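Asker:
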Amino acid sequence: MCGCAPSLSKKPMNLNDPRDLASLIEAFLLASGKPQTLERLYELFEEAERPEPKVFKKALEVLGKSCAGRAFELKEVASGYRLQIREDFAPWVGRLWEERPQRYSRALLETMALIAYRQPITRGEIEDVRGVAVNSNIIKTLMEREWIRVVGHREVPGRPAMFATTKAFLDHFNLKSLEELPALAELREMEPEPLLDPDDAPVPAHLQALADASLGEEEGGEEPKEETSFRSLLVELDAMEEGLKTDFDDLREEEPEASVEDEGKLQP
Numbered sequence: 003m004c005g006c007a008p009s010l011s012k013k014p015m016n017l018n019d020p021r022d023l024a025s026l027i028e029a030f031l032l033a034s035g036k037p038q039t040l041e042r043l044y045e046l047f048e049e050a051e052r053p054e055p056k057v058f059k060k061a062l063e064v065l066g067k068s069c070a071g072r073a074f075e076l077k078e079v080a081s082g083y084r085l086q087i088r089e090d091f092a093p094w095v096g097r098l099w100e101e102r103p104q105r106y107s108r109a110l111l112e113t114m115a116l117i118a119y120r121q122p123i124t125r126g127e128i129e130d131v132r133g134v135a136v137n138s139n140i141i142k143t144l145m146e147r148e149w150i151r152v153v154g155h156r157e158v159p160g161r162p163a164m165f166a167t168t169k170a171f172l173d174h175f176n177l178k179s180l181e182e183l184p185a186l187a188e189l190r191e192m193e194p195e196p197l198l199d200p201d202d203a204p205v206p207a208h209l210q211a212l213a214d215a216s217l218g219e220e221e222g223g224e225e226p227k228e229e230t231s232f233r234s235l236l237v238e239l240d241a242m243e244e245g246l247k248t249d250f251d252d253l254r255e256e257e258p259e260a261s262v263e264d265e266g267k268l269q270p
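Taking my numbering as reference, the numbering of the sequence shown is continuous, increasing by one, and the terminal residue is 270.
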């Protein structure tokens with residue numbers, strides 16, 4: 003919970019002044035600790051004091067510019083606006099937490115990439131592209147993280163579930179909408195140099211084998227762990243999925259009777 007110190011200034015706040023309003027919005031976002039939509043921010047004002055929309059828009063611009071040169075920035079993601087630490091500082095700020103970032107298997111990342119770029123898509127279609135079965139733990143992990151959700155069922159025998167990404171997925175990857183996903187062609191040209199952590203020194207083969215075996219039980223032991231670059235993964239994915247029809251428009255044309263289950267989460 004955010005503690006608020008008493009103010010020594012008696013100057014009344016002018017909510018029609020974009021600078022004053024920007025400071026208030028900053029306070030809202032700092033106190034909330036999570037993205038806030040414009041609608042939610044509007045609701046925080048009583049009707050009689052609510053600023054005009056144009057003033058609100060200007061205040062957001064003022065707040066965004068005031069973050070220039072500072073360690074944090076105003077960012078609009080799928081769930082609204084938030085104040086966040088700039089990406090440049092992440093390697094150092096991350097040291098505040100003892101837990102190391104969770105690492106995911108190639109199989110999970112491939113599955114997530116397919117859902118993100120070819121949604122809505124069924125588990126069977128993912129398996130057709132990857133050429134191997136999708137372990138249930140992979141789908142379970144993505145669902146538990148709320149990165150994917152069921153958006154309907156394909157009107158074919160068995161009525162398999164169709165998966166799509168969520169606002170939580172967009173928020174996690176700092177995206178406002180799916181339109182901000184980089185094109186596969188761009189990603190193939192942007193392979194980053196591998197970042198080596200001092201703690202990631204080469205592990206003896208016999209110890210690595212034991213570690214892989216224990217991890218395999220969690221994320222599908224039948225699939226071997228592979229080291230791969232995101233670029234090479236996407237090259238393979240792009241080649242494998244050629245001809246696969248899973249776009250929203252295609253599904254609507256082919257299956258006008260497909261049922262869509264609303265789970266209370268709006269996809270942008």
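All C-beta atoms, glycine included, are put in the ideal place defined by N, C-alpha and C. Remember, it's a predicted structure, so these values are computed and weren't measured experimentally.
Would Glu78 and Arg88 qualify as a contact pair, given that the criterion is a beta-carbon distance under 8 Å?
Answerer: Contact: no.
Asker: In three-state terms, what does DSSP make of Tyr119?
Answerer: helix
Asker: Please report the distance separating the alpha-carbon of Leu85 from that of Gln121.
Answerer: In a straight line, the C-alpha of Leu85 is about 29 Å away from that of Gln121.
Asker: Who are the near neighbours of Thr39 in its chain, counting only those whose CB is closer than 6 Å to its CB and skipping five residues on each side?
Answerer: Gly82
Asker: Sort out for me which residues DSSP pairs Ala166 with in a bridge.
Answerer: As a beta-bridge residue in DSSP terms, Ala166 pairs with Arg151.
Asker: What does the alpha-carbon distance come out to for the pair Lys13 and Leu43?
Answerer: 23 Å
Asker: Based on DSSP bridge pairs, tell me the residues matched to Tyr83.
Answerer: Gln38 and Glu78
Asker: Please tell me whether Glu49 and Leu17 are closer than 8 Å, where the distance is taken between their beta carbons.
Answerer: no
Asker: Cα separation between Glu129 and Arg161?
Answerer: 16 Å
Asker: Can the beta-carbon of Ala118 be found less than 8 Å from the beta-carbon of Glu148?
Answerer: no
Asker: Just the Cα atoms here: how many angstroms apart are Asp90 and Pro159?
Answerer: 49 Å
Asker: Determine which residues share a DSSP beta bridge with Thr113 and list them.
Answerer: Paired residues: none, contrary to the question.
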